[in-house]
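Just so we're aligned, residue 1050 is where the sequence shown starts under my numbering, counting upward by one.
Note that CB positions come from ideal geometry on N, CA and C, so glycine has one too.
Single-structure report; data block below.
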Amino acid sequence: MTIREGRWDCTSCGAQGLTPRDMTCTGCGAPRAEDVRFYLPEDAPEVTDEEELARARSGPDWQCGYCGAGNPADAGSCAQCSAPREDSPSREVRELRDDPASAAPPPPPEQPAPEAASGPAKKAGAVSALGVLGCLGLCCLLAVVGGLLRKPQQAVLEVQRVSWERSIPVQEQRPVVERGWTLPAGARLLGQSQEIKSHREVVDHYETRTRKKRVQVGTKKVVVGKRDLGNGYFEDIVEEKPVYETRDETYREPVMRREPVYATQYRYEVIRWKTVRNEVARGDDKAPRWPELRLGPKQREGPRREVYRLHLRGTGEQAGETYVYELPEAEWRHYEVGQRVDATVSGDEVESLRPLQVESN
């Protein structure tokens, strides 16, 4: 690996560019202090001299524990005070990695230039855009107006009349003809056929396509930083990086089609309960009742239905407005004709109501 010679600056007199071999400042004679940092100039030459290479690879310098002077790794005693090395600490070996964010990003792939629009096309596009904006504006206006009209508000309404309606469906067993994928129990089979029940995606054929693919074709040695050897010399940090090429790759792409899935469909006659009539009772009084029910052979009563309504008219600002409000029987019985109610009204609908509370003096 390539080794280059660094430099250091004297912290006593400010002399700059001192070499690793200078254990003392050539300007003021001060020993190289412990806090001195080695640095690598951009134009630092590569070390080729064998003796200097050996010194660079001998290890980091050590700082004398007595006087603080720097000494080469192979020195057994301090050149300044002659103290033995013993436990004197060595300088730190540091890795100075290049910042990957500083590397220039690869150029973006070329994109086909958009076709220049002709004059008439541009004009048509502008007119179309104005039309769309106009429609959007109108829709927004209508939405605002509609929201204001339907905004819930409190109103005092009067019960004009009450009404009720009760109904009972009469069901009868009758034969009906149906189709299905299974034959119900008790059904009489009338016929069967193969019909389309669903569809599935199947491969119709293959088409050859071409796509770009990055393929590793080898490796290359890349300098990714410097290693401060702790003695004024710097060594390149080299890593193997993959080398890629973009190649055209052909592949076969399946083209699908929808294929019908056939199954046996049955046509059959089966007995079902069918509603044949509705018995209804209704009135405008407070005495709701169920309609009289007469069942014939093979008939039964279906699910009963009951509806209770208050017919209301507006007062004050709502005078002339009429409303119909459905509610459960238990609540309906609490209201009488002529009674006033406090209601929440939205448009022409009553959302909720309650008896009007009369304040007592």
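By DSSP, does Gly1365 sit in helix, in strand, or in coil?
If DSSP states are grouped into helix, strand and coil, Gly1365 belongs with the helices.
Alpha carbons only, please: which of Arg1143, Gly1076, Ala1330, Glu1355 is nearest the one belonging to Ser1061?
Gly1076
Taking only three categories from DSSP, how would you classify Pro1163?
Its pLDDT being 40, under 50, Pro1163 is placed unreliably in this model, and the value from its coordinates should be taken loosely. Here Pro1163 sits in coil by DSSP.
Closer than 6 Å by C-beta to Glu1250: which residues in its own chain qualify, once you throw out the five before and the five after it? Chain order, please.
Met1305
Rounded to whole angstroms, how far is the Cβ of Leu1278 from the Cβ of Pro1121, which I believe are closer than 8 Å?
The pair is not a contact, with the Cβ atoms about 12 Å apart (cut-off 8 Å).
Residues in its own chain within less than 8 Å of Val1142 by CB, not counting five upstream and five downstream?
Pro1109, Arg1276, Asp1277, Leu1278, Gly1279
Have a look at Arg1382, Lys1200, Val1319 and flag the residue whose alpha-carbon is nearest the alpha-carbon of Pro1233.
Val1319
Among the residues of its own chain, which have a CB less than 6 Å from the CB of Arg1321, if the five just before and after it don't count?
Val1225
Give every residue of the same chain whose Cβ lies closer than 8 Å to the Cβ of Gly1235, excluding the five residues on either side of it in the sequence, and list them in chain order.
Val1319, Ile1320
If you measure between the beta carbons of Pro1340 and Arg1215, is that distance less than 8 Å?
yes
Roughly how many angstroms lie between the CA atoms of Gly1055 and Ala1103, to the nearest whole one?
15 Å
When DSSP labels each residue in this structure, what does Leu1405 get in the three-state scheme?
Reduced to three states, the DSSP call for Leu1405 is coil.
Distance, Cα to Cα, Pro1218 vs Arg1307?
46 Å
Mapping DSSP to helix, strand and coil, what is Arg1104?
helix
Closest to Glu1207 by CA distance: which of Tyr1372, Ala1379, Glu1378 is it?
Of Tyr1372, Ala1379, Glu1378, the smallest CA-CA separation from Glu1207 is found for Tyr1372.
Can you give me the start and stop residues for the alpha helix (DSSP H) that Ala1379 sits inside?
1378-1381
Is the Cβ-Cβ distance between Ser1242 and Gln1314 less than 8 Å?
yes
Can you tell me which of the three DSSP states Glu1099 falls into?
helix
Nearest-angstrom Cα distance between Pro1069 and Val1273?
23 Å
Spell out a yes or no on whether the stretch 1296-1304 and the stretch 1130-1145 are touching, meaning 3 or more CB-CB pairs, one atom from each, closer than 8 Å.
no
Quick check on Met1072: buried or exposed, where buried means 16 or more other Cβ atoms within 10 Å of its Cβ?
buried
Between Val1399, Trp1057, Glu1288, which has its C-alpha nearest Arg1146's C-alpha?
Glu1288
Between Leu1361, Arg1338, Gln1367, which has its C-alpha nearest Arg1354's C-alpha?
Arg1338
How is Leu1239 classed by DSSP in three states: helix, strand or coil?
strand
Taking C-alpha atoms, which residue in Arg1316, Val1386, Ile1286, Glu1370 lies nearest to Leu1238?
Arg1316
Can you name, in chain order, every residue of its own chain whose Cβ lies under 6 Å from the Cβ of Gly1114, other than the five neighbours on each side?
Ser1137
Alpha carbon to alpha carbon, what distance is there between His1254 and Val1264?
29 Å
Can you pull the DSSP bridge partners for Lys1270?
Glu1289
Exposed or buried, Pro1155, counting other C-beta atoms within 10 Å across all chains shown (16 or more means buried)?
Caution applies to Pro1155, whose pLDDT of 46 falls short of 50 and renders its modelled position unreliable; the model cannot decide the point.
In angstroms with no decimal places, state the Cα-to-Cα distance between Lys1323 and Asp1333.
31 Å
Excluding five sequence neighbours on each side, which residues of the same chain lie with their C-beta closer than 7 Å to the C-beta of Lys1270?
Val1287, Glu1289
DSSP state of Leu1038, grouped into three classes?
This structure gives no information on residue 1038, because the portion of the chain shown stretches from 1050 to 1410.
Indicate the three-state DSSP secondary structure (helix, strand or coil) for Leu1359 in the structure shown.
strand
Do you know how far the Cα of Arg1358 is from the Cα of Ala1379?
12 Å
Measure the beta-carbon distance from Glu1227 to Arg1260 and round it to whole angstroms, keeping in mind my assumption that it falls under 8 Å.
That belief does not hold up - the Cβ atoms of Glu1227 and Arg1260 are roughly 53 Å apart, past 8 Å.
Tell me, which residues are paired with Val1208 by DSSP?
Looking at the DSSP assignment, Val1208 forms a beta bridge with Leu1361.
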